[in-house]
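Report on the structure given below.
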Amino acid sequence: MADIVTFNHTDHDIRNFSINEVTGAGVARHGASETSLCCLRVPREYQRDFTLTVSWSDDALRPPQTLVAVPPPYLAGSNGGHVSVHFLRNGDVKVFVDEY
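According to this note's numbering, the sequence shown holds residues 112 to 211 in order.
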């Protein structure tokens with residue numbers, strides 16, 4: 112199981128988000144989550160077909176958005192891990208699996 116941390120690089124507050132149906136609180140513009148969320152099931156070994164579904168809404172009054180992300184390859188580890196979700200200024204969302 113992996114914790115989830117969130118980084119908002121945009122000019123808008125993220126009102127709420129979910130990743131594979133694990134729901135998180137809002138994240139201020141140019142901010143990061145103050146605590147990590149628990150828990151998201153992540154394969155210990157990288158799998159090419161592993162995807163994460165990210166849904167979010169922001170204070171720009173756009174309709175809620177959803178993206179299916181494929182994290183880049185990650186190395187298996189013994190220290191557990193976390194999933195980092197980055198909301199970028201250009202509207203992209205990047206997802207990484209770290210220390211897993």
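Beta carbons are placed, not taken as given, at the ideal position from N, Cα and C, and that holds for glycine.
(message) Checking 7 Å against the spacing of the C-beta atoms, do HIS120 and LEU199 come in under that value?
(response) Within the sequence shown, residue 120 is the residue found at index 9, counting from 1. Within the sequence shown, residue 199 is the residue found at index 88, counting from 1. Cβ distance < 7 Å, so HIS120 and LEU199 count as in contact.
(message) Can you look up THR121 in the DSSP assignment and give me helix, strand or coil?
(response) In the sequence shown, counting from the first residue as 1, residue 121 sits at position 10. Coil, per DSSP.
(message) If you measure between the beta carbons of VAL138 and ALA180, is that distance less than 7 Å?
(response) Taking the sequence shown and counting its residues from 1, the one referred to as residue 138 is at position 27. Taking the sequence shown and counting its residues from 1, the one referred to as residue 180 is at position 69. For VAL138 and ALA180, no; Cβs fall outside 7 Å.
(message) Just to confirm my understanding: we take PRO175, look at its own chain, exclude 5 residues before and 5 after, and list those with CB closer than 8 Å. What are they?
(response) Start at 1 with the first residue of the sequence shown, and residue 175 comes out as number 64. Counting only residues of its own chain and dropping the five nearest sequence neighbours on each side, PRO175 has a CB closer than 8 Å to the CB of SER166, TRP167, SER168.
(message) Measuring straight from C-alpha to C-alpha, what distance separates LEU178 and SER129?
(response) Here residue 178 corresponds to residue number 67 of the sequence shown, with the count starting at 1. Here residue 129 corresponds to residue number 18 of the sequence shown, with the count starting at 1. When only Cα atoms are considered, LEU178 and SER129 end up about 11 Å apart.
(request) Tell whether a beta-carbon distance below 7 Å holds between ASP114 and CYS149. (result) The residue labelled residue 114 in the question sits at position 3 within the sequence shown. The residue labelled residue 149 in the question sits at position 38 within the sequence shown. In this structure, CYS149 lies closer than 7 Å to ASP114 by Cβ.
(request) Can you grab the Cα-Cα spacing for the pair TYR211 / VAL196, in whole Å? (result) Taking the first residue of the sequence shown as position 1, residue 211 is located at position 100. Taking the first residue of the sequence shown as position 1, residue 196 is located at position 85. Low local confidence applies: a pLDDT of 48 at TYR211 is under 50, so the model's placement there is unreliable, with the coordinate-based value given in what follows. Computed Cα separation, rounded: 15 Å.
(request) Could you pull the start and end residues of the beta strand (DSSP E) that SER144 belongs to? (result) As a first step, residue 144 is located in the sequence shown; it is residue number 33 there, counting from the start. Per DSSP, SER144 is not a residue of any beta strand (DSSP E), being assigned neither H nor E.
(message) Tell me the DSSP secondary structure of LEU163 in three-state form.
(response) Residue mapping note: residue 163 aligns to position 52 of the sequence shown, counting from 1. Strand at LEU163.
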